[in-house]
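Colleague:
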Amino acid sequence: MLTPWRLFKKSMKEQWHLFLDQSTAFLFPTYYNKVTPLKQTFVSQDIVANLPFQMMLYYSALLYPFFSVGGLLVTFWKVFSFKCSVWHTLMIGSFYGMFIIIEPFRLWLGYDGNLNEKVPNLSGCFLLSMWQFGIITYLGALQHRTGGGFYSPYEHGMCFIVFMLLISQMVFGYKAAKRIMNTQTVGFYMTFDAVLQ
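In short: position in the sequence shown from 1, add 350, done, that's our numbering.
(1) How many Å lie between Leu357 and Leu477 at the Cα?
(2) If contact is defined by three or more beta carbon pairs under 8 angstroms, each pair taking one atom from either stretch, is the stretch 458 to 470 in contact with the stretch 516 to 527?
(3) Note down, in chain order, each residue of its chain lying with its Cβ closer than 6 angstroms to the Cβ of Gly474, except the 5 sequence neighbours on either side.
(4) Report the rounded CA-to-CA distance for Ile486 versus Met540, giving the unit in angstroms.
(5) Between the C-alpha atoms of Trp481 and Leu412, what's the straight-line distance to the nearest angstrom?
(6) Grouping DSSP H, G and I as helix and E and B as strand, with all else coil, what is Ala548?
(7) DSSP three-state label for Val429, please.
(8) What does the Cβ neighbour count give for Ile451, buried or exposed, with the cut at 16 atoms within 10 Å?
(9) Buried or exposed: Gln407, going by 16 or more other Cβ atoms within 10 Å of its Cβ?
(10) Quick check on this structure: which residue in Ile397, Val469 and Gln493 has the alpha carbon closest to the alpha carbon of Gly443?
(11) Roughly how many whole angstroms lie between the Cα atoms of Gln365 and Leu401?
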């Protein structure tokens, strides 16, 4: 039985899909024209990549150079202008270094896993996102609690933006991996049944 809430939820979902479909056709007409006939003729050729996850990865890739260069400049400013403790200098230097090294690999795993529907790459992106989440939490909110350190307004603002992107990427990445696994499982069973008959 459809309650008013379920009917409203269903209509909102249909409106959202219609909006995404129309905006994709407008923004990427050649891609849309190539994919639409496949979707109509073959059920097994559906593209199961997650668009919101892809958008969050894109925004993270755009933000990465600004965050990295700004973070290094702020780190040098803090170390040379203020007499930070050795412990704090080591912590922020190593955390920024880990972030700068890990982030390109995380973004590549996310792009490759989402667009090519590879579950292991999406899982790797998810695990690296959790690692980056811990780093960003320290850099944006916990520096003042360790060794007489402090964080600048630039670090606080940029870390908040990266923090929100990471949370959304973990949520959408999990949903993308789950959807791809379900699709691949159904495809396996359909192929297996066709082979047996």
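Don't be surprised by glycine CBs; every beta carbon is placed ideally from N, CA and C.
Modeller: Concretely, from the data shown:
(1) The predicted position of Leu357 is uncertain, since its pLDDT is 46 and thus under 50; a value taken from the coordinates is nonetheless stated next. If I take the Cα positions, the gap works out to 37 angstroms.
(2) yes
(3) Leu459
(4) 43 angstroms
(5) 20 angstroms
(6) Since the first residue of the chain shown is 351 and the last is 547, residue 548 is not available in this structure.
(7) helix
(8) exposed
(9) Reading the sequence as shown, one finds Leu at residue 407 and not Gln. By the 10 Å Cβ count, Leu407 comes out buried.
(10) Gln493
(11) 16 angstroms
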